[in-house]
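Below: one structure, written as structure tokens.
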Amino acid sequence: MKRVYVNEDWCLGCHLCEYNCAYANSGLDDMVKALKGKPVFANVHIEEADGITYAVSCRHCKDPLCVRSCIAGAISIEDGAVKIDREKCVGCLTCVLVCPYGAVAAGANGAAQKCELCLANSCGSPACVKGCPNNAIVYEER
Amino acid sequence: MGEYLIIGNGTAAVGCIEGIRSTDRESGITVISAEEHHVYSRPLISYYLEGKTDLERMLYRPKDFYGKNGVKLIYGRAEKLDPKKRTVTLADKQKKTFDKLCICTGSSPFVPKFEGLETVKKHFTFMTLDDSLALEKALTKDSRVLIVGAGLIGLKCAEGIMGRVGSVTVCDLADRVLSSILDSECAAVMQEHLEKQGMKFMLGDTAVKFKGNKAFMKSGAEVGFDILVLAVGVRAETGLAAQAGCEVNRGIIINDTMQTTVNDIYAAGDCSEGYDSSTGTNRVLAILPNAYMQGRCAGINMAGGESSLNDLIPMNSIGFFGLHCATAGAYPADADIFEEKSGNGIRRLYVKDDCLAGFIIIGDVNRAGVYTSLVREKTRLDERALEMLKASPSLAIFSPEIRRRKLGGAV
């Protein structure tokens with residue numbers, strides 16, 4: 001299955017992936033309206049270590065700890081992609097506590113959120129990858 | 001592989017069913033459920049009272065779960081277990097045979113013998129959906145509620161009903177709230193937050209006697225109430241296992257494949273006592289994620305597959321009125337402690353022998369899972385890693401090689 005992978009040598013640390021992610025998942029068709037003056041809840045985030053930057057998002061693990069640990073039974077695997085049923089989620093954040101990558105986070109309304117590969121939003125494939133100016137994140141089979 | 005039988009219908013049972021079915025799609029599975037409900041998420045009973053979920057969304061697995069997995073669900077209470085004849089007898093005398101059995105009986109509330117408890121009209125425990133529904137019926141907007149026990153169950157109950165009653169007072173013999181998961185410093189932060197929401201505390205004090213609507217406290221104080229909730233603690237349900245000759249301590253003793261000391265009988269979840277890798281000791285690890293993982297491990301082994309668990313640790317993610325708390329591992333007395341306070345939150349890291357032994361974060365818990373993985377995997381931290389660890393939980397704690405493996409390959 002195709003997943004998002006990181007080439008950290010090429011990451012510029014521009015944070016565009018974060019904005020593109022938040023915009024793609026906002027449900028709005030105007031980036032300014034979606035993001036201006038609002039807190040950004042992106043499903044990808046840039047980290048920095050020793051002057052190197054890289055993007056972190058859900059790895060869509062084959063045997064995910066978040067799925068096994070969810071106290072509400074709200075996280076499941078669909079065709080290899082790990083998804084959160086945000087209607088069922090009560091925002092206990094056990095998934096945040098167990099994700100070894102730090103790739104699940106508390107969302108705007110308290111429910112947990114994470115990368116779902118933009119498969120369900122209008123983007124259709126990861127917006128972070130589409131908008132990355134330097135191919136520092138790619139969407140491919142490995 | 002023959003007939004599988006599971007006693008209990010909670011999280012561990014679901015793990016067991018899914019474990020069996022990952023290996024064996026054919027053989028029959030029977031589940032004996034003492035509660036007459038489709039499997040639901042027990043920890044959600046307080047969220048139900050708070051209005052954050054409902055009976056439909058509380059289902060831990062979809063309605064077609066049993067059918068899709070070829071599971072026969074029986075409502076009834078298992079009363080006898082004969083390991084030689086391989087039979088389980090229910091309260092209605094129905095007999096079930098098994099080739100492999102998994103005991104997933106969970107735990108039940110521990111209610112000490114209080115003098116005069118029988119004179120209290122409205123007293124409840126808070127463990128099951130039925131407990132929650134019964135408590136809900138008693139709530140009025142003027143109710144004065146006394147909760148005995150300031151642990152996870154007592155405080156989640158308090159949060160759940162806070163907006164629906166007149167007052168909530170919580171007492172506990174311990175000198176702090178959430179004493180099983182928080183150290184004194186962090187407990188003080190959480191207590192202050194809860195008090196701001198209107199919760200009242202009587203700590204280092206507990207009810208010893210009741211008479212009608214009055215509790216007589218150890219300190220000599222008297223507390224009037226309309227509703228009493230007893231959340232003193234829980235006990236593993238080990239009776240059936242003991243009957244079958246399984247070794248039992250505080251929970252049913254299991255090895256790293258979830259087998260009890262009796263052949264072909266497995267146990268998983270809150271009723272069992274397994275290995276806590278954070279302390280290197282055996283103990284009951286009564287948390288939902290471990291129940292699922294133990295159940296699944298048992299199921300795979302019952303079906304002839306191979307699975308073992310030796311990296312389970314205590315961990316909790318719990319929030320109250322918007323303030324979150326993430327904890328994992330152990331807090332050794334001889335550890336080096338790193339503490340940081342920010343806003344209404346606190347972060348305390350326990351470092352011992354160059355490893356993160358445990359941590360507590362109150363406030364911004366995002367990425368706490370990176371810390372949890374360091375505890376679980378006992379990752380050795382060099383000086384650089386320790387500095388990154390103190391800065392914040394992130395993959396920057398790892399060496400570039402390990403990080404590239406984590407982000408560059410399928411995991």
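Those protein sequence lines, which keep their order, are chains F and G. Those letters in the first sequence? Residues 1 to 142, per UniProt numbering, in order. Those letters in the second sequence? Residues 1 to 411, per UniProt numbering, in order. Glycine included, C-beta positions come from ideal geometry on N, C-alpha and C.
- Counting the other Cβ atoms within 10 Å of the Cβ of G:R25 gives fewer than 16, which makes it exposed.
- Looking at G:C325, G:G204, G:E159 and G:T261, the one whose alpha-carbon comes closest to that of G:A221 is G:G204.
- Nearest CB-CB separation between G:P43 and chain F: below the 8 Å threshold.
- Among the bridge pairs identified by DSSP, G:Q197 is matched with none.
- Non-local C-beta neighbours of G:M202 in its own chain, meaning closer than 6 Å and more than five positions away in sequence, comprise C171, ordered along the chain.
- For F:H15, the CB contacts under 6 Å within the same chain, skipping 5 residues up- and downstream, are I46 in chain order.
- Apart from the 5 residues on each side of it in sequence, G:A385 sits with its Cβ closer than 7 Å to the Cβ of I397 in its chain, given in chain order.
- If you draw a 10 Å sphere on the C-beta of F:S125, you find fewer than 16 other C-beta atoms in it, and that means exposed.
- Of all alpha-carbon atoms in G:P109, G:N366, G:G345 and G:G212, the one lying nearest the alpha-carbon of G:R235 is that of G:P109.
- Taking each of F:C58, F:L97, F:V98 and F:A74 in turn and checking the Cα distance to G:L407, the smallest one comes out for F:C58.
- Around the beta carbon of F:P64, a 10 Å sphere encloses 16 or more other beta carbons of the protein chains shown; the residue is thus reported as buried.
- At a beta-carbon threshold of 9 Å, none of the residues of chain G lie near F:I84; the nearest stands roughly 13 Å away.
- Within the stretch 90-107 of chain F, the residues whose Cβ lies closer than 9 Å to any Cβ of chain G are, in chain order, V90, G91, C92, L93, T94, C95, V96, L97, V98, C99, P100, Y101, G102, A103, V104, A105 and A106.
- Neighbourhood of F:K88 in chain G, by CB distance below 8 Å: T53 and R57, in chain order.
- A distance below 6 Å between beta-carbons, with the five flanking residues on each side excluded, links F:H60 to the following residues of its chain, in chain order: R3, A81 and V82.
- In the three-state DSSP reduction, F:V129 falls in the helix class (H, G or I).
- Contact check for G:I103 against G:A267 passes: the beta carbons are separated by less than 8 Å.
- With respect to the C-alpha of G:A244, the residue from G:A207, G:T87, G:C325 and G:V39 having the closest C-alpha is G:T87.
- Among the CB atoms of chain F, none fall inside 8 Å of the CB of G:S27.
- Taking G:L90 as reference, the option from G:V31, G:V111 and G:F114 with the minimal CA-CA separation is G:V31.
- Judged by DSSP in its simplified three-state form, G:K406 adopts helix.
- Taken in chain order, the unbroken stretches of beta strand (DSSP E) that lie wholly in the stretch 325-356 of chain G and span 3 residues or more are 336-342 and 345-352.
- Going by DSSP, F:S57 is part of the beta strand (DSSP E) stretching over I52 to S57.
- For G:N316, DSSP records a beta bridge to G:T327.
- Within 8 Å of the CB of F:C21, no CB atom of chain G is found; the nearest one sits about 15 Å away.
- Taking a Cβ-Cβ cut-off of 9 Å, the neighbours of F:Y5 in chain G comprise L407, G408, G409 and A410, given in sequence order.
- Out of F:P133, F:G107 and F:V96, the CA that lies nearest to the CA of G:I361 is found in F:V96.
- Comparing alpha carbon positions, the residue from G:T279, G:L312, G:L240 and G:L228 closest to G:T257 is G:L312.
- Here G:G363 has L323, H324, S342, G343, N344, G345, I346 and R347 as same chain residues with Cβ atoms under 8 Å from its own Cβ, once five neighbours each way along the sequence are excluded.
- G:M202 is bridged by DSSP to G:C171.
- Residue pairing for G:H123: DSSP places it in a beta bridge opposite G:L228.
- Look at F:C61: its C-beta is under 8 Å from a C-beta on chain G.
- If the five residues before and after G:L101 are omitted, its C-beta is found closer than 6 Å to the C-beta atoms of L5 and I265, all from its own chain and listed in chain order.
- For G:I318, the nearest CB of chain F lies under 8 Å from its own CB, placing it at the interface with that chain.
- F:E8 reaches chain G at P400, R403, R404, L407 and G408, counting residues in chain order whose Cβ is nearer than 9 Å.
- Leaving aside the five residues that flank F:E8 on each side, the residues in its chain whose CB is nearer than 8 Å to its CB run, in chain order, I52, T53, Y54 and A136.
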